[in-house]
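Chemist: Below: one structure in structure tokens.
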Amino acid sequence: MASMNMIQALNSAMDIMLGKDPSVVLMGEDVGYFGGVFRATEGLQRKYGEHRVIDTPIAEGGIVAAAIGMSVNGLRPVAEIQFADYIYPGFDQIVSELARIRYRSAGDFFAPVTIRTPCGGGIRGGQTHSQSPEGIFTHVSGIKVVMPSNPFDAKGLLITCIEDDDPVVFFEPKRLYNGPFDGDPNKPAVPWSAHAKGQVDEGYYKVPLGKADVVRAGAAVSIITYGTMVHVAAAAAAAMNVDAEIIDLRSLVPLDVDTICTSVKKTGRCVVAHEATRFSGFGAEILSIVQEECFWDLEAPIARVTGWDTPYPHAFEWEYFPGQARVQAALKSVMEPA
Amino acid sequence: MASMNMIQALNSAMDIMLGKDPSVVLMGEDVGYFGGVFRATEGLQRKYGEHRVIDTPIAEGGIVAAAIGMSVNGLRPVAEIQFADYIYPGFDQIVSELARIRYRSAGDFFAPVTIRTPCGGGIRGGQTHSQSPEGIFTHVSGIKVVMPSNPFDAKGLLITCIEDDDPVVFFEPKRLYNGPFDGDPNKPAVPWSAHAKGQVDEGYYKVPLGKADVVRAGAAVSIITYGTMVHVAAAAAAAMNVDAEIIDLRSLVPLDVDTICTSVKKTGRCVVAHEATRFSGFGAEILSIVQEECFWDLEAPIARVTGWDTPYPHAFEWEYFPGQARVQAALKSVMEPA
Amino acid sequence: MSNKSRLHLPHVPARPGETPDFSYVQQSPAGAVPRPEVNTRARDMLSLSTDLVRVLNDDGQAVGPWHPHLDAADLQVGLRHMLLTRLFDDRMQRIQRAGKISFYMRSLGEEAVSVAQGMALRPSDMLFPGYRNQGLQVVRGIPLVDLMSQLLSNTNDMCKGRQLPVMYHSRANNIFSISGNLATQFPQAVGWAMAAAIKGEDNVAATWIGEGSSAEADFHHGLLFASVYQAPVILNVVNNQWAISTFQGYAGGEQRSFAARGPGYGMAGIRVDGNDFLAVYAVTQWAAERARTGGGPTLIELVTYRGAAHSTSDDPARYRAKDDAEHWPLGDPILRLKAHLIKIGEWSEERHQALNAELEALVASSWKEAVAFGTMTEGPRLDADTMFEDVFKEMPRHLQRQQAALRQERS
Amino acid sequence: MSNKSRLHLPHVPARPGETPDFSYVQQSPAGAVPRPEVNTRARDMLSLSTDLVRVLNDDGQAVGPWHPHLDAADLQVGLRHMLLTRLFDDRMQRIQRAGKISFYMRSLGEEAVSVAQGMALRPSDMLFPGYRNQGLQVVRGIPLVDLMSQLLSNTNDMCKGRQLPVMYHSRANNIFSISGNLATQFPQAVGWAMAAAIKGEDNVAATWIGEGSSAEADFHHGLLFASVYQAPVILNVVNNQWAISTFQGYAGGEQRSFAARGPGYGMAGIRVDGNDFLAVYAVTQWAAERARTGGGPTLIELVTYRGAAHSTSDDPARYRAKDDAEHWPLGDPILRLKAHLIKIGEWSEERHQALNAELEALVASSWKEAVAFGTMTEGPRLDADTMFEDVFKEMPRHLQRQQAALRQERS
Ligand SMILES: Cc1ncc(C[n+]2csc(CCOP(=O)(O)OP(=O)(O)O)c2C)c(N)n1
Ligand SMILES: Cc1ncc(C[n+]2csc(CCOP(=O)(O)OP(=O)(O)O)c2C)c(N)n1
Ligand SMILES: [Mg+2]
Ligand SMILES: [Mg+2]
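Protein chains in written order, with the working numbering: chain A, 1 to 338; chain B, 1001 to 1338; chain C, 2001 to 2411; chain D, 3001 to 3411.
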């Protein structure tokens, strides 16, 4: 066990996989010599060579396409998209190709590509360095979608994704790179070293896809969330002294419906939280499933806590971000429905 | 009034707007001399000239980008994407640019572009000519999303969209081009001439955005739907003899929440139906809103009727398509919850 | 407003009712274009991208430095593959018209592209074809029954009914799955070739794109990545002059050749007579050797003509002169190779008739075999349960439930 | 595995600790490159795309056919704009370091690109700049206060706090809104120019892209649409050798010049010394006249060097030789124009000092003015209510409700 922040944990996952499996290659803008703008691939080119950790042109569509071709030829590319906001030029290759190759070839070809990309706000990145587009990808049949909330999971999930024979988009909430974040930008930053999930096994281990983590057991209300909001929700519930059961989904596709529904059936109340915009966000799917499967157990309407349906404005980052106040308002609405 | 199919109605809308407003231009693959692969722009280049109805290279990203630039220079481009399945190469320009220009320039610039694109299955088009990606666009702040279910609405909505100062993605369910379709491919095709909404005013008129159409009033259950499924749902309800209130949304963004909620509050039961895949589809957002706003009125879980979470397979088109059987199963589940 | 317009619009030579005019097609005489060493630097052979490599002259003789000196037996195989491709196309077209398959696309007049290129590559080279490269399937020996089964989406369909007709693949024969989305495979082929280079293997990737599709972003991605990493890949633009109703000028062909894009990215570009079996073979062999020996990628423009409609959904009489194809200056690839073989005493009208009859019989018997696996309306049918497979390697819960729901719906 | 690898990787001339080596930069002597008539066909001036247009020689004299013969007064204005741009950059950099703005990007060493190009265009020409074209804002006379207010996201911010610093726009001055997404505006500028042509207007559009960003699909879209419709647009690639840590070879610059992409698409391509104010001016004027008179688009590659870090979030010492910029063979654009003006007797060290002081004072006083509109922490602040505006022209119900919810949340 070592103390690692999320960047170090991701780096460790890639380091281990590069060492273990000669078919693993990393690629992306600035990932090679420089080690990535967030330093996730630092030192790996020096260690494994320029042909294993490859700097690419600034062309997200080309990166995904090349990764697909490489994967069809037996490699396991891990492609970094520098910011999730810049994944869209690669969208066609992801949706029409990466997600479809196994299906349309009846399993004869498949494309084990992992796309890593930092998402979310909270670093004053403005509207083009803060987006959380995971919901869009969850609507695309054939792609797995993962978002860790801590270093331990990040490493174990990334190893699982790299070894997975299906393509994965792996979202990294960049606000969590250096520490857990409870939503209050005015408090001093907390490092991962002070958090249990910042203690990371230095060796090879996996965290399974499709298995949610019950971060906190509780009886009063279920909070279904993932990424940065795991920590914000926990802090909000603690501040309100609500006995909330907090579920960190970790993988959105496949989704651990059993854990979600078991919890809601127990508590009878449910809040769904994410940082992404609300309208047609992934929260709507979670809410729908809970409504469909737990309707008779619900004692109050399920509430969603989300970012607003606007771009992420530079000046109003903290008005946009779904902080503790927004979570608490939702908890209140669910605990004491009007 | 004239009898028109949906293609003729769309053609009429564009004809009128080209005649009325010199800033309107049409552009897209094969739209000019040829008149479009579905013939929606037939005759318009001959009538208005090569500089108003413009054939383009096969580059959806370039088409959207050029349309944006043209709109910033005072034109009102109506760009056709030949199939909705091929909108993804233009996705970045739509999401990162078209949807954002007004916001990021604080209203100083705006881009009144209308993107028309045929969607949906039922024409044996296989997985790359059958998709319904509207849900994805509803998650993108700054874009309006429209889908008509009949010639009359198609024309009036398209005129509204062209005159709208916001960008719109206008989805055309291609299975409805020639006639309403109740979901049974074995029945003889019905032409629009036999349908009231196939009677179309030949002149200029508008159908507003954000206003749903109550296609059929009813007391027993609300069916919230749009596009092809309007007709399938109506047929299914009629066959079951259920007194369903059928709501055709017409525009998904902006969404007519009032009409939806008024209906569900009245009936206490709700089915949401669309042809698109289920997981994180637009149905999830509709369900979520109904759940949030009508929870206490619901007498049964809201049910979704959708395509499956697979690509649209060529051989299993009708097993994939959410036909009357699937609607009826949902109606049954809502009318007689277990 | 149109009066004032200064927007340039590409010139289309002949619309319906007009006289076909192919004077825009820049030609070089057969044998006239020099053949550089395969390791020549791209910048030192720029003219290859605007000239037109031709080997067969009007008398049916093979001339000049690009003459590949193939054995007569190989040429006969090439002729056979081209003829089989055409007869297969003809038959499938008629079968679609009879309503037995939902859709079809012919390669009429373009057979030399796929057949000569396919033959110039090794079986271990990976192909990323387009939808009009059925000749590659023929060269690689995919049984017609298998191709037909795909068209029928029947129980023998290698795609398990998931793809539109003509979107074949064959893992065993190194033919990648064709996509309905244009151009997407072009940069994938480059990625495949990059992987071959990373692994130190000397296989080459080859990919095909229509001149119309070269407008897509993925064409650029392919050229760029191939150039940056000097990937061992052959990038082919099949310039058959039309993209459905859109003339090649709308893809940039009015201003300069498509092959010239290559040198723009610092890579070799060659323009070749796509209806000249020998020229296509020679150029492809050259590019393959270049790629295999570390010389990097080559962009080949194959100048040809789409002799038929775009697909069975299309009617070209609406947008181009009816007798266009007959005026095409580069002739018919099958007739040209046949004439050459006769000229060199290795073929005859009689042998051609006999071959034609043999291949027609093969197509007919294959169809019989194929329909035994089921048609759209009769015989065995794929199990609808399978439509939920292969979305992922293992079926997740939500698909299992949907599979069960469909079973119930259909019971 | 890496041992066996045959994958080519572009050569990077000097990493930290290595000696700067700019021998790869192909140069032409000042005055050596011919200046064709503006209506020359692209194919008849191919060498322009690989040569390097230069006017200022090492002695500070302006020579050759591209000498634009500007009035001394104009040159002095150019010098002033460049100096102001640099002083503004310096100050904003320091202000960011002090934590008063969240982010900044300098254009150190590239000032001639924006200033000379901006001056060579008409005010009615539309600009689609990148994030490193602040010189264009200066040329068009945007008050520094307004630029600074944008950096501060304050109550005077033309973006109403919505954009990251440096993403300015000015509708009144025909400067389009800058996007954080690279390359997206390149084809938009072409669309704007197409509209100008359709309307029969003779305004020209100009747009700028980094050499790194030229790898994006939108670069291709821009070139293609410009070529097909012969749009009146100037497409500029600012080749400052680096894209964050990535050397220009990774964007294709190792194999051939970026300007050579132009001829690949059948359009004019010109490579110019981007640190030579006179050469940049002349080439831009030439391209603008070409576009205005129906000669179509021009791709200009401006060869320059990113003298500073990519942005305030970057540390170039991690990936390039520390003293790289000092070895850049094309010198500093301000020093070169200054030397020329002194050479022709129209400038002096004293006047330069005075100008420097004047402009520093202007920057300082502008900052004072700007902070009066509010800073990140003090003074007036934009109303958070406004963040729901301009998503659409009229606020739809769901945003009204979210606006109300936020009001409640904050109360
Ligand atoms: C991304 C995308 N856009 C549009 C289409 C529709 N489409 C199918 S074929 C075609 C024309 C392609 O022409 P070309 O590339 O020249 O190939 P050819 O048909 O001539 O062989 C078009 C526009 C598509 N399949 N994919
Ligand atoms: C689509 C997209 N991908 C990636 C980025 C991240 N990014 C910002 S600037 C930059 C480098 C651009 O380099 P270049 O185009 O050469 O311009 P320069 O900074 O040298 O002026 C990158 C990769 C982005 N902003 N947008
Ligand atoms: Mg073609
Ligand atoms: Mg650069």
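In this text, a Cβ means the ideal position worked out from N, Cα and C, and glycines have one as well.
Given that Ile-136/A touches chain B, what residues does it touch there, using C-beta distances under 7 Å?
Modeler: Neighbours of Ile-136/A on chain B, chain order: Ile-1136, His-1139.
Chemist: Does the Cβ-Cβ distance between Ser-251/A and Gly-210/A come in under 8 Å?
Modeler: yes
Chemist: Counting only beta-carbon separations shorter than 8 Å, does Ala-3215/D have a partner in chain B?
Modeler: no
Chemist: Determine the burial state of Ile-2344/C: buried for a count of at least 16 other Cβ atoms within 10 Å of its Cβ, exposed for fewer.
Modeler: Answer is exposed; the Cβ neighbour count stays below 16.
Chemist: My output table needs one value for Glu-2018/C: the three-state DSSP class, helix, strand or coil.
Modeler: coil
Chemist: Under a CB-based cut-off of 8 Å, is His-3169/D close to chain B?
Modeler: yes
Chemist: When you compare the CB of Trp-308/A with every CB in chain D, is at least one pair closer than 8 Å?
Modeler: In terms of beta-carbon proximity, Trp-308/A lines the interface with chain D, with at least one pair separated by less than 8 Å.
Chemist: Could you compute how far the alpha carbon of Leu-3223/D sits from the alpha carbon of Asn-2236/C?
Modeler: 20 Å
Chemist: Taking the beta strand (DSSP E) that Lys-1144/B falls in, what are its first and last residues?
Modeler: Boundaries of the beta strand (DSSP E) around Lys-1144/B: 1144-1146.
Chemist: Mind checking the region 3380-3399 of chain D against chain C and listing, in chain order, the residues whose C-beta falls within less than 7 Å of any C-beta there?
Modeler: none
Chemist: How would you list, in chain order, the residues of chain A whose beta-carbon sits under 8 Å from the beta-carbon of Tyr-1088/B?
Modeler: At a beta-carbon threshold of 8 Å, the residues of chain A lying near Tyr-1088/B are Phe-91, Asp-92, Val-95, Ser-96, ordered along the chain.
Chemist: Report whether the distance from the Cβ of Arg-2106/C to the nearest heavy atom of ligand 3 is below 7 Å.
Modeler: No, since every heavy atom of ligand 3 falls outside the 7 Å radius drawn around the Cβ of Arg-2106/C.
Chemist: Got a sec: which bits of the region 3177-3189 of chain D sit with their beta carbon under 9 Å from any beta carbon on chain B, in order along the chain?
Modeler: Of all residues in the region 3177-3189 of chain D, only Ser-3177, Ile-3178, Ser-3179, Gly-3180, Asn-3181, Thr-3184, Gln-3185, Phe-3186, Pro-3187, Gln-3188, Ala-3189 place a beta-carbon less than 9 Å from a beta-carbon of chain B.
Chemist: So what does DSSP say about Ile-1162/B, is it helix, strand or coil?
Modeler: helix
Chemist: How about Arg-2106/C and Ala-2308/C: are their beta carbons less than 8 Å apart?
Modeler: yes
Chemist: If the cut-off is 7 Å on Cβ atoms, which residues from the region 1113-1133 of chain B count as contacting chain A, listed in chain order?
Modeler: Gln-1127
Chemist: Which chain A residues sit within Cβ distance under 7 Å of Gln-1291/B?
Modeler: Leu-287, Gln-291, Pro-301, Ile-302
Chemist: Can the beta-carbon of Phe-2392/C be found less than 8 Å from the beta-carbon of Asp-166/A?
Modeler: Going by beta carbons, Phe-2392/C and Asp-166/A fall inside the 8 Å limit.
Chemist: Closer than 8 Å, CB to CB, is Arg-3015/D near chain C or not?
Modeler: Not one chain C Cβ lies under 8 Å of Arg-3015/D.
Chemist: Grab me the residues of Met-2148/C's own chain with a C-beta within less than 7 Å of its C-beta, minus the 5 sequence neighbours each way, in chain order.
Modeler: Ser-2366, Trp-2367, Ala-2370
Chemist: Going straight from the alpha carbon of Met-2001/C to that of Ala-1067/B, what length do you get?
Modeler: Reliability of the predicted coordinates at Met-2001/C is poor, the pLDDT of 47 falling under 50, and no value is obtained from them.
Chemist: Starting from the C-beta of Gly-1218/B, find all residues in its chain whose C-beta is less than 8 Å away, skip the five residues before and the five after it, and write them out in chain order.
Modeler: For Gly-1218/B, where only same-chain residues beyond five positions count, the Cβ hits under 8 Å are Ala-1237, Val-1242, Asp-1243, Ala-1244, Glu-1245, Ile-1246, Thr-1267.
Chemist: Could you tell me whether the Cβ atoms of Ser-2028/C and Leu-2052/C are closer together than 8 Å?
Modeler: yes
Chemist: Output the distance between the C-alpha atoms of Leu-176/A and Val-146/A, rounded to the nearest integer angstrom.
Modeler: 15 Å
Chemist: Residues of chain D with CB under 9 Å from Gly-1268/B, in chain order?
Modeler: Near Gly-1268/B there are no residues of chain D at all, since even the closest Cβ is about 23 Å away, more than 9 Å.
Chemist: Span of the alpha helix (DSSP H) holding Gly-1061/B?
Modeler: 1060-1072
Chemist: Whose C-beta lies closer than 7 Å to the C-beta of Ser-1023/B among residues of the same chain, with five residues either side of it excluded?
Modeler: Gly-1074, Leu-1075, Arg-1076
Chemist: Quick check on the DSSP output: the alpha helix (DSSP H) that includes Val-1140/B runs from which residue to which?
Modeler: Segment: none, Val-1140/B is in no alpha helix (DSSP H) and carries neither H nor E.
Chemist: Is there a Cβ of chain D sitting closer than 8 Å to that of Ala-67/A, yes or no?
Modeler: no
Chemist: Starting from the beta carbon of Arg-3162/D, find every residue of chain B whose beta carbon is closer than 7 Å, and list them in chain order.
Modeler: Near Arg-3162/D (Cβ distances below 7 Å), the residues of chain B are Tyr-1103, Arg-1104, Ala-1106.
Chemist: Going by DSSP, what residues sit across from Phe-2128/C in a beta bridge?
Modeler: Thr-2207/C
Chemist: Could you name the residues of the same chain whose beta carbon sits closer than 8 Å to that of Asp-3323/D, not counting the 5 residues immediately before and after it, in chain order?
Modeler: Pro-3020
Chemist: Taking 8 Å as the threshold (C-beta atoms), are Gly-3269/D and Leu-3048/D in contact?
Modeler: yes
Chemist: Would you list, in sequence order, the uninterrupted alpha helix (DSSP H) runs of no fewer than 4 residues that lie entirely inside the region 193-278 of chain A?
Modeler: 229-240, 257-267
Chemist: Do Ser-2114/C and Leu-2136/C have their beta-carbon atoms positioned less than 8 Å apart in this structure?
Modeler: yes
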